[in-house]
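Quick note: the sequence shown uses my numbering, first residue 27, plus one each step.
All residues carry an ideal CB built from backbone N, CA and C; glycine is no exception.
This report concerns only the one structure given below.
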Amino acid sequence: MSKTVDLSGKFSTEKPAIVIDGKRYIVNNGIREVTAFQAAGQAGPSGMLEGLETVLGKEAYEELGVGNFSLDNIQVLTTGVMAAVLGVSYDEALARFQRAIKQSGDVV
Numbered sequence: 027m028s029k030t031v032d033l034s035g036k037f038s039t040e041k042p043a044i045v046i047d048g049k050r051y052i053v054n055n056g057i058r059e060v061t062a063f064q065a066a067g068q069a070g071p072s073g074m075l076e077g078l079e080t081v082l083g084k085e086a087y088e089e090l091g092v093g094n095f096s097l098d099n100i101q102v103l104t105t106g107v108m109a110a111v112l113g114v115s116y117d118e119a120l121a122r123f124q125r126a127i128k129q130s131g132d133v134v
């Protein structure tokens, strides 16, 4: 007879968030959204914008005016979103991002 493993109560229902100017924005951390976000980031700047809209939601994306952000601010926002999704500090996410860039030899 096979063993039954009870997963009741093991799943998290908490949603990560970022805070900008005192306002809290929920980050959609479902596997589909995060996978789409990561894939979109590989498609260049327009992909980054699409990915951010996916994880932030259209309302937050438009309220923040993400489409008008500078590239530097897009990188800050992207790093913050990844920090929230991964459950690490902004500084840790930034360090991971910089290590990945260094290893790949890409210039951002």
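Bounds of any alpha helix (DSSP H) do not take in Ala43; it lies within the beta strand (DSSP E) bounded by Ala43 to Ile46. Around the beta carbon of Val111, a 10 Å sphere encloses 16 or more other beta carbons of the protein chains shown; the residue is thus reported as buried. A Cβ-Cβ separation of about 6 Å places Phe63 in contact with Thr80 under the 8 Å criterion.
Contact annotation, Thr105 with Met74: C-beta distance approximately 11 Å; criterion of less than 8 Å not satisfied.
DSSP places Lys36 in the coil class of the three-state scheme, outside both helix and strand.
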